[in-house]
Structures are given as C-alpha cells and as structure tokens.
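Single-structure report; data block below.
There are 2 protein chains.
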Amino acid sequence: MSTGPGLLFVVSGPSGAGKDTLVEALRERRATLRYSVSATTRAPRGDERNGEHYFFVSPEEFELLRDGGRLLEWRQYNGNLYGTPCDYVEESLTEGYDVVMKPEVNGALAVKAAYPDAVLIFLVPDRFSHLRERLLARRTETNEEIARRLEIAQQEMKFIRSFDYIVVNEQDHPEGAVRDLEAILQAERFRIHRYPDDSIRRVESS
Amino acid sequence: MSTGPGLLFVVSGPSGAGKDTLVEALRERRATLRYSVSATTRAPRGDERNGEHYFFVSPEEFELLRDGGRLLEWRQYNGNLYGTPCDYVEESLTEGYDVVMKPEVNGALAVKAAYPDAVLIFLVPDRFSHLRERLLARRTETNEEIARRLEIAQQEMKFIRSFDYIVVNEQDHPEGAVRDLEAILQAERFRIHRYPDDSIRRVESS
Numbered sequence: 541m542s543t544g545p546g547l548l549f550v551v552s553g554p555s556g557a558g559k560d561t562l563v564e565a566l567r568e569r570r571a572t573l574r575y576s577v578s579a580t581t582r583a584p585r586g587d588e589r590n591g592e593h594y595f596f597v598s599p600e601e602f603e604l605l606r607d608g609g610r611l612l613e614w615r616q617y618n619g620n621l622y623g624t625p626c627d628y629v630e631e632s633l634t635e636g637y638d639v640v641m642k643p644e645v646n647g648a649l650a651v652k653a654a655y656p657d658a659v660l661i662f663l664v665p666d667r668f669s670h671l672r673e674r675l676l677a678r679r680t681e682t683n684e685e686i687a688r689r690l691e692i693a694q695q696e697m698k699f700i701r702s703f704d705y706i707v708v709n710e711q712d713h714p715e716g717a718v719r720d721l722e723a724i725l726q727a728e729r730f731r732i733h734r735y736p737d738d739s740i741r742r743v744e745s746s
Numbered sequence: 541m542s543t544g545p546g547l548l549f550v551v552s553g554p555s556g557a558g559k560d561t562l563v564e565a566l567r568e569r570r571a572t573l574r575y576s577v578s579a580t581t582r583a584p585r586g587d588e589r590n591g592e593h594y595f596f597v598s599p600e601e602f603e604l605l606r607d608g609g610r611l612l613e614w615r616q617y618n619g620n621l622y623g624t625p626c627d628y629v630e631e632s633l634t635e636g637y638d639v640v641m642k643p644e645v646n647g648a649l650a651v652k653a654a655y656p657d658a659v660l661i662f663l664v665p666d667r668f669s670h671l672r673e674r675l676l677a678r679r680t681e682t683n684e685e686i687a688r689r690l691e692i693a694q695q696e697m698k699f700i701r702s703f704d705y706i707v708v709n710e711q712d713h714p715e716g717a718v719r720d721l722e723a724i725l726q727a728e729r730f731r732i733h734r735y736p737d738d739s740i741r742r743v744e745s746s
C-alpha cells in the first residue's frame, strides 16, 4: 500500500525563528528528504555556497526564471529577489523523495495555493522576545533591518491559522523541535487522505 | 504555549491486525500515555489479568455500567459484551495524560462521535491473508469463530475512510508500526486546530 509520490513540507515562520538550523538537522536525519534550494539576487553571506544554500543569480537571470513560469513563488525582500524554482521540487516529488523548503510566510502561503497537499509548519521561537536576540546574534543585518524584520514577524503571525502545524523552537532545546518536525514528516505519510481509493481496495482484497 | 489537556488515540482495525502487541509496545515507550481498560463479560484468556487487560465483569455489572451511562461505547461480540468505561478516560485527559484505547471498528466510530477530537488510527496487516494466519496462530478461537472474524474484518474495511490515519503492520517488522504510531502521537500535538486562539495571542505578545 504505497502512499504515492513524495510529500512536500514547508517550514516557515518569522525570520530568526531558527528555520535554517532545524531544517539542516532534519536533512541529516532523513536520507529520503531533499532540500528545495531557493534562487536569490542577494549576495552570499558568510560561507553560503551557490547551489547548496541558494542559487545566487543576477536580477536578469531571476526575471527570466520568473517570467518563464519556473518559480513556484517569488518575492522582494529588503531590496532583493527570492524565489523557489519548481522543476527540482516537482522532479523530486515524482521520484518519491520528500521535499522540504523554508520560504518566508507569504511564500509558504503561495506554495500551499500551488500544492494544496503541501504540509505547512509554522516555526515559532518559545518567546517572541528571543527573535531580536537571534537576529542580533547572527550579526548579518543592520539595526534598521532588524527592526524591520521584527515588524514583519508581528504581521506574519496573523497568517498562522493557514498553517497545518505549529512547532515551538525552544531556545535552550533545539533538539526538541527537530524531533517534533521529524514526527510530523513521519506521521503525515499515514493521513487517510493520502491513500487513494485503489490502494485501499488492494488492501481489502490482498 | 500549551496544547491543553491530553489527547485521545483510538487504535482499531480488524481483529488479528496486531493491535494488542503494538499498543503494549507503545505504552512502554511513552510514560505519559495511559491505557483505557475495557470492561467485558467474556472469560479471561491465557494470562490476562483483571484491571490490566480488561475489567472482567458479570453481565449484571456490565448492564449497570451501561444503563448508568458510564460506558463510552459498548457492543456485543461472539455472545459477549464489551465496553469502554468513560470515567478513567475523562479523568486522565483532564489531568493532561494522553489516552490510548483499542476498541473494534464500530466502537472506534462511537468514540469519535462522543469525542470529535479523538485521533482514529486504522491498523491493517500488510496482507489481508495474514489475518487468518495470526488468528490461527493465537489458538484462542474455534475455526467457526475465525471464519466469522474474517468476514467481519472484510466488513470493517468499509469504514476505513472515517479514520484519520492508516498504519500498516508488517508481519516481519512490527517495530516499524510502533515507530509510526509513536510519530502520530507526537505529531498530533502540533496540529493547528489544537491551539486555542488565546495560546496563539500569548505567543504573539511574549
């Protein structure tokens, strides 16, 4: 009784909630999980590598992808363009791999519109006040950018009811959230609506 | 951000699918999970103990419970009465424990009617033909009873769409189904509808 092709998991939430670290830990634990690499026009930070953390593209290349309908979702943020190329996602799902992506909240909603079957997980820090600490700690944004991100985060919380799950990332126990995410990835496979009628008939008659 | 009181998990499926062994393994792995002991008028089998596997009661005691509205669901099967006393379930949920029960399929549907929030898991053997082997192997039923159970099992499969999850119990890898059940128990806690509005507002403002 196969559950069919792979499942699409969208981990989103306010910037600074800890998405990057958790998704990386998740990928290390599940060999059948592929990461959907985003395209962006922003410059690489720290040791970010092209094709691994992002596809770093020029504004012209980005527009070519977008206008050709090859982006699942896209958006402008802090003057840079971000988007999710759909080819890799769709190929992986068809081959039976699960795919995880971590777009911002608006992007997650766009993905759900394109793939109603996608599983949307909202990641929140255990206290909202920790967001500021995390953003400061990573030292990649100016104070103005941080203030702006916090304001956006407050707005994003309003879309929480469009998600399927809420997972709390506890500052002092990040391994807890990794375990919770892994349970969701595992459990979703068995939800009744993922079994097409013919797979159930096969069980009945086997 | 608390998800509130405990969750109720109902593991059901055809007789012989392996519910007893799996639920027992699950209880060993989760200290916060309580087992809802059923009442029955049938005689104990093998080393079954009163108050642990079942409450073994007389037909008169059973009727007293049932007519007093103290059974969540009840039914007659092979000439015996079975039912789920509700007091222990409700006390445990209120105290924040999760509760697992393993009624037959009709009972599971009755529990869902009483507790729409209950999580219903349908357990099936990897092959329907294994049901007969399992029933024969446990040597507790006559051939006529086994034939009757198999017929009932075929009927029960028709209610599979009323359940929330399907878990396949592979004959040769029962530990897989235990892990799957555990993932469901863990993941259900984070489903968006389990977060009341005020808990989400607390996150926003913390």
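Line by line, the protein sequences are chains A and B.
Numbering-wise (my numbering), the first sequence opens with residue 541 and increments by one.
Numbering-wise (my numbering), the second sequence opens with residue 541 and increments by one.
Ideal Cβ placement from N, Cα and C applies to all residues, glycine included.
Please read these numbers as outputs of a predicted model, since none were measured by experiment.
Query                                                                                                                   : Result
Residue(s) in a DSSP beta bridge with A:S552                                                                            : A:F662
Check whether B:V707 and B:A693 have beta carbons under 8 Å apart                                                       : no
Inter-residue Cα distance where the pair is A:A723 and A:L566                                                           : 11 Å
CA-to-CA distance, B:D737 to B:T572, given in whole angstroms                                                           : 25 Å
Straight-line Cα distance separating B:L675 from B:E600                                                                 : 30 Å
Closer than 8 Å to chain A by CB, B:V707                                                                                : yes
Between the CA atoms of B:P545 and B:F602 - distance to the nearest angstrom                                            : 29 Å
Contact the region 587-598 of chain B vs the region 635-646 of chain B: 3+ CB pairs below 8 Å                           : no
Candidates B:R574, B:E673, B:S702: closest to B:G558 by CA position                                                     : B:E673
Residues that A:Q726 contacts on chain B, provided the C-beta gap is smaller than 9 Å                                   : R719, D720, E722, A723, I724, Q726, A727
Distance, B:V664 Cα to B:L725 Cα                                                                                        : 18 Å
Cβ of A:D704 within 8 Å of any chain B Cβ                                                                               : yes
Inter-residue Cα distance where the pair is B:E592 and A:R585                                                           : 59 Å
Any beta strand (DSSP E) of 3 or more consecutive residues that is wholly inside the region 637-722 of chain B          : 638-641, 659-665, 705-709
For A:R574, the residue or residues it bridges with in DSSP                                                             : A:V639
Length of the line joining the Cα atoms of B:R589 and B:L547                                                            : 26 Å
Sheet register partners of B:A557 (DSSP bridge)                                                                         : Bridge partners of B:A557: none, in fact.
Neighbour-count burial assignment, A:N709, 16 or more Cβ in a 10 Å radius                                               : buried
Residues of its chain near B:L649, where Cβ-Cβ distance is below 7 Å and the 5 sequence neighbours each way are ignored : F699, S702
A:I732 and A:F549 closer than 8 Å at C-beta                                                                             : no
Rounded straight-line distance, which links the Cα of B:Y705 to that of B:A727                                          : 12 Å
Under 9 Å by beta carbon: chain B residues contacting A:R610                                                            : Ordered by position in chain B, no residue passes the 9 Å Cβ test against A:R610, which lies about 31 Å from the chain.
Distance, A:N683 Cα to B:L562 Cα                                                                                        : 54 Å
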